Each structure stands twice: as structure tokens, then as C-alpha cells.
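Taking it in order: structure first as C-alpha cells, then the write-up.
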Amino acid sequence: MTGLVSAVIPTYNRAAYIDGAIECVLSQSYDDVEVVVVDDGSTDDTREVLAQYADDDRVRVLHNDENRGIPYTANRALDAAEGDYIASIDDDDRWHPTKLEKQVAVLDRLDDSYCGVYTGGVIRDTDGNVVQRVMSHDSGDVYPEVLVRNTILPHSGHLVRAECFDAVGGFDEAFPIACDWDITIRLSRQFKWAFIPEALVERTHHGSNVTGDPDYDVRCRQQVWEKFRADIARHPDIERRFHAAWARERGVRALEAGDRVEAVVALAEAFASEPRGDHAALLGLAPFGPRALTTARKARDKVADLRQP
1 MTGLVSAVIP TYNRAAYIDG AIECVLSQSY DDVEVVVVDD GSTDDTREVL AQYADDDRVR
61 VLHNDENRGI PYTANRALDA AEGDYIASID DDDRWHPTKL EKQVAVLDRL DDSYCGVYTG
121 GVIRDTDGNV VQRVMSHDSG DVYPEVLVRN TILPHSGHLV RAECFDAVGG FDEAFPIACD
181 WDITIRLSRQ FKWAFIPEAL VERTHHGSNV TGDPDYDVRC RQQVWEKFRA DIARHPDIER
241 RFHAAWARER GVRALEAGDR VEAVVALAEA FASEPRGDHA ALLGLAPFGP RALTTARKAR
301 DKVADLRQP
């Protein structure tokens, strides 16, 4: 296996987490790595934490003069990266020690029609309990399916050939959120993906997660629609399912917020667009409010746990 891997880490006010992300890269069984951290104008102790790596030639740290947002910061990290492969990692995510070794081995066997390889992951609560498993299994040509929903997740599970980032132009700085989904769509239009069905990424849910914003999914889909509506409209089935997913996300958000009327309206729209069993189940829960949704989710998770080997 050959090739330098650049782990790129945009960070902002994550003094409590950033050293853990750096250390999990430096502890990889695949040792031809560099870490490129770009601090997006942090106002906490992030700069002081990063200064501890000043004498480690495997770690390069850049600082933005002011907070510029994730896409700009990620692009600055890409510009500084010198690797043959780019591995994105969020500052509060952690990798299994063999993640890069397994990914480079897979990608080395694939032709240049593949941009990269990704893995599964798990999400834990602050007590260490697994609250969600992320295991897509999608591989090969995932376009235009990726327009409906981003299944090439977690983003911290990606290992991508550097020249493929060059081919699609990096992150879109007009996308303040959903930039991960946006670049995955653009990569998927030109290239294929491989998948390793192992949970090699871990994330802990805490109060400062970006995706902890309850409106995050709805706002992401709005941005994707505004940019890719022409692409979506070329595929009538994709367009129908995209709008069903959008209605579902609005309905679930309304149900979580206790707005039963809006939840019923949006989830009825989702079911009308795509009459699936899970849409019917959510619509049935909507009149009973957020407590019913919480109970149903707990039951679903218990069933999922029982099915695990």
C-alpha cells in the first residue's frame, strides 16, 4: 500500500475535542499520514490546544483571521493538503485505528472510475451508549439516487483521491450548510464509490454538534433543491421521492416541536408522494404528539439492538 493520506480537520471553538481527533489520526495503523487543521477563528482555547503540536512534523495548523464558515475552512485545508488521498474528519469524530489501512487497501485495487471508499459508523450519547448505527451499503454508481438523500455517510468515513476533489472544484463556499451533501453529489456525478461494511467512525452526540440543530435536515434539503433542482427534475421518480423526503423531514420536525397540525399536513404530503409503511406509521403518530414519537423510536432502537449479532 502506498500513498500519503491527508486528514483534513476544519475546527471552530472545539478545544475540548480537537486533540482527540488529531490523536486518532496519528494512532492509525497506516502511518503514512499528515494532519491539516484549519482553525476557523476560534475564541476559546483551541489555539492553545493546537500549539501543543507545533513540534510534530506530521501536523500542520493554519488559522483563519476571522470566522469564515465550514466550506471556506475545508477548502483551505484541501489547498494545504499534500496527500494522494484526502480523509475528512470532523473535530468531534473518532476513527477506528485500522480505518485508513483498510480503506487504502480497497482503493488501491480499484480503477480511476472510483473517487473513494467510505465506511459505516456509530453515534453514541454522552454516556457511551450507541444511539444510532450508520450503515448505508450503497456503492458503485450512486447518482442520481444521492440527490434524494445523502447515503454516503458518515462524511468522516470518506477517503477520496485528491485528484477527484480537484476535478469537482472542492467545497462550494455558497453552501453554509449541507456542504458535505453538495460535494458528495458532485463527486457522484463523475465517479463511483466503494463501501466497507464496518463501523470505523464514532461520533458522540453533544450540545454543540452542528447536526444537533433541529431544523438542520430541512434547511439542508432546501439548499440542495435550490442548487440541484434542474438535475432533480430530469428524473421524475427522484423528484417525487425528494419532495416526499422533504415533507417527511418537515413533518418529523413539527412533531418533535409539538405542532400536531403541521405534522399531520406534512406527513400526509409525504405519504401521498411516496406511500411507504414508515410514512404511514409517522402519519399515524402525528395526532398523538412528540411523546408518541419518542416511544416509537425507543421501540425501534430496541429491535435494532436485538438484531445485532
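Sequential numbering from 1 applies to the sequence shown in UniProt numbering. Beta carbons: idealized from backbone N, C-alpha and C, even for Gly. All values reported here derive from a predicted model rather than from experimental measurement.
Can you tell me which of the three DSSP states residue i falls into?
i, result
"P197", "strand"
"S273", "helix"
"A54", "coil"
"I22", "helix"
"D138", "coil"
"R133", "strand"
"T295", "helix"
"H63", "strand"
"R149", "coil"
"D93", "strand"
Which residues mark the beginning and the end of the beta strand (DSSP E) in which residue i is found?
i, result
"A15", "Where A15 is concerned, there is no enclosing beta strand (DSSP E), given that its DSSP letter is neither H nor E."
"E34", "33-39"
"G121", "114-124"
"residue 338", "The requested residue 338 does not occur in the structure, where the chain is confined to residues 1 to 309."
The alpha helix (DSSP H) spanning residue i covers which residue range?
i, result
"I183", "179-190"
"I70", "70-80"
"S42", "From DSSP, S42 is part of no alpha helix (DSSP H); its letter is neither H nor E."
"Q223", "216-233"
"I238", "236-256"
"L159", "Looking at the DSSP string, L159 is not in any alpha helix (DSSP H); the run it does join, the beta strand (DSSP E), is 159-161."
"L107", "99-108"
"E173", "Unbroken run through E173: none, as it is neither H nor E."
Could you say which of the options lies nearest to residue i if we only look at CA atoms?
i, options, result
"A16", "L282, D92, R124, T184", "D92"
"I18", "D112, R203, R241", "R203"
"L4", "R229, E82, A263", "E82"
"F175", "S136, K227, L159", "K227"
"D40", "E23, V252, P71", "P71"
"L159", "N129, R149, K102, I232", "K102"
"H279", "G128, L267, F288, R14", "L267"
Is it buried or exposed, residue i, if we count other Cβ atoms within 10 angstroms and call 16 or more buried?
i, result
"Q52", "exposed"
"A54", "exposed"
"T295", "exposed"
"G140", "exposed"
"G284", "exposed"
"K302", "exposed"
"T43", "exposed"
"D56", "exposed"
"L306", "exposed"
"A233", "exposed"
"R229", "exposed"
Using a C-beta cutoff of 8 Å, does residue i count as contacting chain C?
i, result
"V38", "Here chain C cannot be found, since the structure has a single protein chain."
Our contact map puts residue i next to residue j with C-beta atoms below 8 Å; I'd like the distance itself, whole angstroms only.
i, j, result
"A299", "L255", "With 8 Å as the limit, A299 and L255 do not qualify as a contact, their Cβ atoms being about 16 Å apart."
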